[in-house]
Amino acid sequence: MTLEEFRAHCATFPGFSEDLPFGPEVLAFRVGGRIFALMDVDTFESVNLKCDPERAIELREHHPGITPGYHMNKRHWNTVRTDGSVPHRLLLELARHSYERVRASLPKKVREELERP
Numbered sequence: 015m016t017l018e019e020f021r022a023h024c025a026t027f028p029g030f031s032e033d034l035p036f037g038p039e040v041l042a043f044r045v046g047g048r049i050f051a052l053m054d055v056d057t058f059e060s061v062n063l064k065c066d067p068e069r070a071i072e073l074r075e076h077h078p079g080i081t082p083g084y085h086m087n088k089r090h091w092n093t094v095r096t097d098g099s100v101p102h103r104l105l106l107e108l109a110r111h112s113y114e115r116v117r118a119s120l121p122k123k124v125r126e127e128l129e130r131p
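Numbering-wise (the working numbering), the sequence shown opens with residue 15 and increments by one.
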C-alpha cells in the first residue's frame, strides 16, 4: 500500500487533518486535533495506530507485521507494517478503528461538531 492510498482512505473520515508535528519526516493524521495515525513520510514502511488493548494483543499474536507501537504507549498503540505482511483490507480497517477510538475520546462538543455537514 502506498502513502497516497492510505491518505485517501483516511481523508474520508469526518474531521480528518494532517500535519508534521515532529519535523518534516513524521506525518500525523488527526481528528479533533488528536493523533490517530503516525508514519514516516519518506518510506511509509509502517504506521502507528491506536487500538483497543485486548484487540492489540490478539492482532500481534496473529500477524507478525503488527507489533507494539514504536515510541508509543505499547498497551494502546500498534505499529503496522505496510509492506503487504498485513492485508491491505485489515490495515484500512485498523486505520478506521484508530480514528474511531480517538474520536470517541474527544469532548462531546467536538464530536458533535464533527457530525455536522
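In this text, a Cβ means the ideal position worked out from N, Cα and C, and glycines have one as well.
Assumed close pair residue i, residue j - CB separation to whole angstroms, cut-off 8 angstroms
i   : j    : result
S60 : T93  : 5 angstroms
F43 : C24  : 5 angstroms
I80 : V100 : 6 angstroms
Three-state secondary structure assigned by DSSP to residue i
i    : result
P67  : helix
E127 : helix
L17  : helix
For residue j and residue i, the rounded distance between their alpha carbons
i    : j   : result
H90  : L73 : 12 angstroms
N87  : D97 : 23 angstroms
E107 : V40 : 22 angstroms
Nearest candidate by alpha-carbon position, reference residue i, set the options
i    : options               : result
A51  : F58, L63, V45         : L63
P121 : L108, R103, R48       : R48
L105 : K88, S119, H77, E127  : H77
S119 : G46, I80, L41, H85    : G46
E126 : E18, F20, T16, G29    : G29
H111 : P67, F36, E75         : P67
F36  : H85, E107, F20        : H85
P38  : D56, R95, V124        : D56
E19  : F58, L128, R130, V116 : F58
Residue i beta carbon near the ligand SAM (any heavy atom closer than 7 angstroms)
i    : result
P101 : Only the bare structure without any ligand can be found here, which leaves the ligand SAM out of the picture.
Handout entry: Unbroken stretches of the beta strand (DSSP E), 3 residues or longer, contained in the stretch 54 to 118
Key = Contiguous beta strand (DSSP E) elements confined to the stretch 54 to 118 occur at 60 to 64, 80 to 82, 91 to 95, taking only those with 3 or more residues.
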